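Under our numbering, think of the first position of the sequence shown as 1, with each following residue one higher.
The beta-carbon is built from N, C-alpha and C at its ideal position, and this holds for glycine as well.
From a predicted model like this one, the values you see are computed outputs, not experimental measurements.
I have placed the structure first, in the form of structure tokens, so that the comments after it can refer back to it.
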Amino acid sequence: MVYFIGTVGMLLLAGGLVFFFVTYQKRLLRKQLELNKVKQDQQEEIIRNTIQAQENERKRIAQDLHDEVGAMLSVVKLNVSRIENQTQDKALKVAGETKSYLDEVITQVRGISRSLLPPSLEKLGLMSAIEEMANWVNKSDEIRIECSKSGEPFRLDIKTELALFRVVQELVNNAIKHSGSSLIVVRLRFSKNVAIVIRDTGKGFDLEEKMNAGLGLKNLESRTEMAAAKLKLKSEHGKGTTAIICCKR
1 MVYFIGTVGM
11 LLLAGGLVFF
21 FVTYQKRLLR
31 KQLELNKVKQ
41 DQQEEIIRNT
51 IQAQENERKR
61 IAQDLHDEVG
71 AMLSVVKLNV
81 SRIENQTQDK
91 ALKVAGETKS
101 YLDEVITQVR
111 GISRSLLPPS
121 LEKLGLMSAI
131 EEMANWVNKS
141 DEIRIECSKS
151 GEPFRLDIKT
161 ELALFRVVQE
171 LVNNAIKHSG
181 SSLIVVRLRF
191 SKNVAIVIRD
201 TGKGFDLEEK
211 MNAGLGLKNL
221 ESRTEMAAAK
231 LKLKSEHGKG
241 TTAIICCKR
């Protein structure tokens, strides 16, 4: 009887252990599937945001070409038609006006080209591209960008530098459009990694509210992740906004 009870007890114990093990494995598998689903959803979100950012960039370029370059070329066309029916003196005057319009068209096209891929980025690196962008903004005399660096600058691969430049460019554009600040500070620190700080002293905003409002900040996060970097934003009403980008070397 003792032997029988012991055997039954051992069988029940073994069955319990097998049941626990199987149940535990199923739970682990379910958790792993849930985790994989979350990761997949995050990847899909990043891809959607990246595609949306690219579409927004294409729309902006198309709008610039239509509104600025297209309009000026239409005026040039009209001026060329006028020359055919003008006296020599008037034709020379119209030709001079046409040349001015063509010069402006060339400037606009160069500006669009520079916004797509700044020549200084490919030749000299991220710091030079940011300084060039700042110089262009500072010509307006309405807002000023101050750039500084610490450490010895080094190059990253061009895709990473371009992705980082796009993030800085968008953060600066957002500050110009929305912050109301007259000064934007951009600081780069080169050490074991690259740290970029963009700070304004404008009106600030509710970060959580903006994150839920649209794709703008999510696009910034997607661009940052494309550069294998991390983005941290700090903002309060009346206290300005600070963005910190960290990218490993």
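Self-check item: Among 188, 204 and 238, the one whose alpha carbon lies nearest that of residue 246
Solution: Of the listed residues, the one whose Cα sits closest to residue 246 is 188.
Exercise. Please name the residue in 194, 203, 36 and 234 whose C-alpha comes closest to that of residue 228.
Key: The candidate whose alpha carbon is nearest that of residue 228 is 194.
Quiz item: CA-CA distance, residue 105 and residue 74?
Solution: Distance between the alpha carbons of residue 105 and residue 74: 11 Å.
Exercise. Helix, strand or coil for residue 95, going by three-state DSSP, please let me know.
Key: Helix at residue 95.
Quiz item: Using 8 Å as the threshold, is the stretch 150-157 in touch with the stretch 203-210, meaning 3 or more CB pairs across them?
Solution: Result no; under three Cβ-Cβ pairs closer than 8 Å.
Quiz item: Which of helix, strand or coil does DSSP assign to residue 156?
Solution: Residue state, collapsed to three classes: coil.
Exercise. Run through the stretch 211-244 for me and flag every whole alpha helix (DSSP H) of 4 or more residues, listed as ranges in chain order.
Key: DSSP runs (the alpha helix (DSSP H)) wholly in the stretch 211-244: 216-226.
Practice problem: Thinking residue 190 and residue 161 are a contact (beta carbons under 8 Å), I'd like their distance in whole angstroms, please. | Solution: About 13 Å; that fails the 8 Å criterion.
Practice problem: Starting from residue 150, follow the beta strand (DSSP E) in both directions and report where the run begins and ends. | Solution: Segment 144-150, the beta strand (DSSP E) holding residue 150.
Quiz item: If you follow the alpha helix (DSSP H) that residue 134 is part of, which residue opens it and which one closes it?
Solution: Here the alpha helix (DSSP H) through residue 134 covers 126-138.
Quiz item: Per DSSP, residue 190 is paired with what?
Solution: Residue pairing by DSSP places residue 190 opposite 194 in a beta bridge.
Quiz item: What residues match up with residue 27 in a beta bridge as DSSP calls it?
Solution: Listed as beta-bridge partners of residue 27 by DSSP are no residues whatsoever.
Quiz item: Closest to residue 167 by CA distance: which of 137, 33, 230 and 204 is it?
Solution: Ranking the options by Cα distance to residue 167, first place goes to 230.
Quiz item: Can you tell me the Cα-Cα spacing of residue 102 and residue 76, whole angstroms?
Solution: Spanning the two alpha carbons is a distance of roughly 7 Å.
Practice problem: Identify which residue in 198, 41, 107 and 98 has its Cα closest to the Cα of residue 241. | Solution: Closest option to residue 241, Cα to Cα, is 198.
Quiz item: What residues are listed by DSSP as bridge partners for residue 183?
Solution: For residue 183, which the question treats as bridged, DSSP gives the partners 144.
Self-check item: Alpha-carbon spacing of residue 131 relative to residue 147, whole angstroms
Solution: Between residue 131 and residue 147, the C-alpha separation is close to 6 Å.
Quiz prompt | Residue from 118, 142, 125 and 123 whose Cα sits closest to the Cα of residue 133 | solution = It is 118.
Quiz item: Taking the DSSP output, what are the residues bridged to residue 177?
Solution: Beta-bridge pairing links residue 177 to no other residue.
Practice problem: Mind reading off the beta-carbon distance from residue 145 to residue 186? Whole number of angstroms is fine, and I expect it under 8 Å. | Solution: Right, the Cβ-Cβ distance comes to about 6 Å (below 8 Å), so this counts as a contact.
Exercise. Under 7 Å Cβ to Cβ from residue 127, same chain only, skipping five residues before and after it: list those, please.
Key: Hits under 7 Å: 149, 153 and 188.
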